[in-house]
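**Student:**
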Amino acid sequence: MRNELYIDGQWVKPVKGGTCDVINPATEELIQTISAATAEDVDIAVKAARRAFDRDGWPKLTGAQRAKYLRAIADGIRARQSEIAKLEVLDNGKPFPEADWDIADAAGCFDFYAGLAEELDKNAEEVIALADDRFTSKAVKEPIGVAGAIIPWNYPLLMAAWKVAPALAAGCTVVLKPAEQTSLTALELAAVADEIGLPAGVLNIVTGAGLVAGQAIVDHKGVDKLAFTGSGPVGSKIMAAAARDIKRVSLELGGKSPFVVFDDVDIEQAVEWIMFGIFWNQGQVCSATSRVLVHEAIYEALLARLIEETEKITIGNGMDDGVLLGPLVSKRQHEQVVAAIEGASKAGAIVACGGTRPEGFDKGYYLRPTILTDVPLDSDAWVEEIFGPVVCVKPFKTEEEAIDLANDSRFGLAAAVMSKDDIRAERVAAAFRAGIVWINCSQPTFTEAPWGGYKESGIGRELGRWGLENYLETKQITKYVTDKPWGWYIK
Ligand code: ADP
Numbered sequence: 151m152r153n154e155l156y157i158d159g160q161w162v163k164p165v166k167g168g169t170c171d172v173i174n175p176a177t178e179e180l181i182q183t184i185s186a187a188t189a190e191d192v193d194i195a196v197k198a199a200r201r202a203f204d205r206d207g208w209p210k211l212t213g214a215q216r217a218k219y220l221r222a223i224a225d226g227i228r229a230r231q232s233e234i235a236k237l238e239v240l241d242n243g244k245p246f247p248e249a250d251w252d253i254a255d256a257a258g259c260f261d262f263y264a265g266l267a268e269e270l271d272k273n274a275e276e277v278i279a280l281a282d283d284r285f286t287s288k289a290v291k292e293p294i295g296v297a298g299a300i301i302p303w304n305y306p307l308l309m310a311a312w313k314v315a316p317a318l319a320a321g322c323t324v325v326l327k328p329a330e331q332t333s334l335t336a337l338e339l340a341a342v343a344d345e346i347g348l349p350a351g352v353l354n355i356v357t358g359a360g361l362v363a364g365q366a367i368v369d370h371k372g373v374d375k376l377a378f379t380g381s382g383p384v385g386s387k388i389m390a391a392a393a394r395d396i397k398r399v400s401l402e403l404g405g406k407s408p409f410v411v412f413d414d415v416d417i418e419q420a421v422e423w424i425m426f427g428i429f430w431n432q433g434q435v436c437s438a439t440s441r442v443l444v445h446e447a448i449y450e451a452l453l454a455r456l457i458e459e460t461e462k463i464t465i466g467n468g469m470d471d472g473v474l475l476g477p478l479v480s481k482r483q484h485e486q487v488v489a490a491i492e493g494a495s496k497a498g499a500i501v502a503c504g505g506t507r508p509e510g511f512d513k514g515y516y517l518r519p520t521i522l523t524d525v526p527l528d529s530d531a532w533v534e535e536i537f538g539p540v541v542c543v544k545p546f547k548t549e550e551e552a553i554d555l556a557n558d559s560r561f562g563l564a565a566a567v568m569s570k571d572d573i574r575a576e577r578v579a580a581a582f583r584a585g586i587v588w589i590n591c592s593q594p595t596f597t598e599a600p601w602g603g604y605k606e607s608g609i610g611r612e613l614g615r616w617g618l619e620n621y622l623e624t625k626q627i628t629k630y631v632t633d634k635p636w637g638w639y640i641k
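Residue numbers (this note's numbering): 151 to 641.
Okay, structure coming up:
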């Protein structure tokens, strides 16, 4: 497995030679070490990306030419999909079928942005109608420049794709820092880029600690745009740092997303979507619907079925057949989620199921899927993101109360509603203060549709054409088209 940095089309050791340990969360064993980049390595990477952008001509290629590279990357990922998915399981812990899905999605993301790169050849310029016919004007979309992308550990390759694909499609060059816990598949992306002959410096991948390599990207004067997915506190620091030199910034941060379930639903389907909304990827999903609000008329019946099905979830090593819940990503994450459950109990919540390490799993960062009820509205368990397989379930009486409870959060990433009454479902969807709203489902994510949050859940949108716009500037070009002198000073 690879353990060097990929800078300027070369595999290189970090200048200071540091390393980080990579741990398998299912066994707690060391998989390998990776390079820990420092500010010196980031500087070399940013300079390579600058040269690729400013002089080597990546932004000057046509969209169709860049699309060829993007499609080749997509094909390269697919050619070794299973191998990359296994690496993702080893590194992150998620069940193999989920990893396999992620890797296919990552390839699909490169294909999708290849299509948008081609369209840019036709739609990068827009003629502006002016009231004054002595001038013509057009708005031209141009790449921002060098993008610094910093990503988390929950969807390692997919998060890389969400940033690298639109950035390259737009004509930006990239310095990407994967999360230190899960960098292996990003290094495979570098390997694919290398194999398909992506020009040197267009994509640089530096592994290492957030506070060192990540911070160095954020602070570097040569970076024009920062794209970050991760925790709120780090996002806030990045936005503050970006303000120093007015870097463009897009942030996708945490959430505490509600799922409102009315009393006319099919309880079996509701239970299925509630489980998909919180237990997929061990609940380590920024958009996880972690606050479930259930109409009081079906609350007891639904809760009983939810507990029954949750207790049946097969826990285990993500590589084993039939496993639906793997370990959490790291010791630290496991400790934090366990502490959040203990805090909930202390605050008066009832642990209706789960809350402990599953029996027979002495090693690995395993946790039983957990359902909390009677969670006080002012407790951390109700208010703060837990980022684990922990759901709070609460009854409500009226639609108005459900909407108020749903929106009573400083986050606004996602929200879901389930009802057979389509008019009501649409009405509640409209009332949610969230960037992503699901009706009669929770979590399905499409490369074509905008993704991002209201309030403290972030700024900007990824995916779809919005994802491309994240990496584009708009230039106005205005031309004086008459022979008549302007005649202001010289009469
Ligand atoms: P988590 O707490 O879930 O690990 P973080 O927000 O800390 O989430 O991490 C997301 C990404 O941000 C990772 O790649 C991490 O290395 C990086 N990171 C953490 N701190 C900083 C920082 N101060 N500046 C830049 N990147 C950082």
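Beta carbons: idealized from backbone N, C-alpha and C, even for Gly. Keep in mind that this is a model prediction, so the values were computed, not measured.
Assuming Val543 is part of the beta strand (DSSP E), what are its boundary residues?
**Tutor:** 540 to 546 is the extent of the beta strand (DSSP E) around Val543.
**Student:** Cβ of Trp430 versus every heavy atom of the ligand ADP: is any distance shorter than 7 Å?
**Tutor:** Trp430 Cβ: outside cutoff for every heavy atom of the ligand ADP.
**Student:** Grab the span of the beta strand (DSSP E) containing Asp252 for me, first residue to last.
**Tutor:** No beta strand (DSSP E) contains Asp252, which is instead part of the alpha helix (DSSP H) from 246 to 273.
**Student:** Three or more beta-carbon pairs under 8 Å between the region 279 to 290 and the region 306 to 324, yes or no?
**Tutor:** Too few Cβ pairs lie closer than 8 Å, so no.
**Student:** Does DSSP put Val314 in a helix, in a strand, or in coil?
**Tutor:** The answer is helix: DSSP assigns Val314 an H, G or I state.
**Student:** Among Arg205, Ile417, Gln432, Asp395, which has the Cα closest to the Cα of Ala454?
**Tutor:** Considering only alpha carbons, the answer is Ile417.
**Student:** Would you check if the distance between the CB atom of Ala198 and the CB atom of Gly358 is smaller than 8 Å?
**Tutor:** Cβ atoms of Ala198 and Gly358: not closer than 8 Å.
**Student:** I need the boundaries of the beta strand (DSSP E) containing Val296, first residue and last residue.
**Tutor:** Run containing Val296: 296 to 300, per the beta strand (DSSP E) assignment.
**Student:** Taking contact to mean at least 3 C-beta pairs separated by less than 8 Å, is the region 166 to 182 in contact with the region 476 to 484?
**Tutor:** Yes: the two stretches touch, three or more of their Cβ pairs being nearer than 8 Å.
**Student:** Here's the rule: buried if 16 or more other CB atoms are within 10 angstroms of the residue's CB, otherwise exposed. What is Asp554?
**Tutor:** So Asp554 counts as exposed.
**Student:** Identify every residue that forms a DSSP beta bridge with Ile586.
**Tutor:** Bridge partners of Ile586: Ala564.
**Student:** Can you tell which of Asn620, Val543, His370 has its C-alpha closest to the C-alpha of His445?
**Tutor:** Ranking Asn620, Val543, His370 by Cα distance to His445 puts Val543 first.
**Student:** Under the criterion of a Cβ to heavy atom distance below 7 Å, does Leu326 qualify as lining the ligand ADP?
**Tutor:** No, the beta carbon of Leu326 sits no closer than 7 Å to any heavy atom of the ligand ADP.
**Student:** Between which two residues does the alpha helix (DSSP H) containing Arg216 stretch?
**Tutor:** Here the alpha helix (DSSP H) through Arg216 covers 213 to 229.
**Student:** In chain order, which continuous runs of the beta strand (DSSP E) of length 3 or greater are located wholly inside the region 383 to 434?
**Tutor:** Counting only runs of 3 or more, we get 398 to 402, 408 to 411.
**Student:** Between Glu619 and Gly382, how many whole angstroms is the CB-CB distance? I'm expecting something under 8 Å.
**Tutor:** That belief does not hold up - the Cβ atoms of Glu619 and Gly382 are roughly 24 Å apart, past 8 Å.
**Student:** Assess, as a yes-or-no matter, whether the region 221 to 228 is touched by the region 154 to 162 under the definition of 3 or more beta carbon pairs within less than 8 Å.
**Tutor:** Flag = no, the region 154 to 162 and the region 221 to 228 do not touch.
**Student:** Spell out a yes or no on whether the region 528 to 545 and the region 566 to 582 are touching, meaning 3 or more CB-CB pairs, one atom from each, closer than 8 Å.
**Tutor:** No, the region 528 to 545 does not touch the region 566 to 582.
**Student:** So, do the region 193 to 213 and the region 251 to 270 have three or more beta carbon pairs nearer to each other than 8 Å?
**Tutor:** At 8 Å Cβ cutoff, the stretches touch.
**Student:** Could you tell me the distance, in whole angstroms, from the CA atom of Leu180 to the CA atom of Tyr305?
**Tutor:** Computed Cα separation, rounded: 20 Å.
**Student:** Along the chain, which unbroken stretches of the beta strand (DSSP E) at least 3 residues long are found entirely within the region 570 to 620?
**Tutor:** The region 570 to 620 contains these whole beta strand (DSSP E) runs: 586 to 589.
**Student:** Tell me the rounded alpha-carbon separation between Thr597 and Gly321.
**Tutor:** C-alpha separation (whole angstroms): 19 Å.
**Student:** Helix, strand or coil for Phe672? Go by DSSP, reduced to three states.
**Tutor:** What the structure shows of the chain is the stretch from 151 to 641, and residue 672 is not part of that stretch, so it cannot be assessed.
**Student:** Using CA coordinates, which residue listed in Tyr516, Ile573, Trp208 is at the minimum distance from Phe412?
**Tutor:** Looking at the Cα atoms, Ile573 is the closest of the given residues.
**Student:** Hey, would you say Phe203 sits closer than 8 Å to Val296, going by beta carbons?
**Tutor:** Contact flag set, yes.
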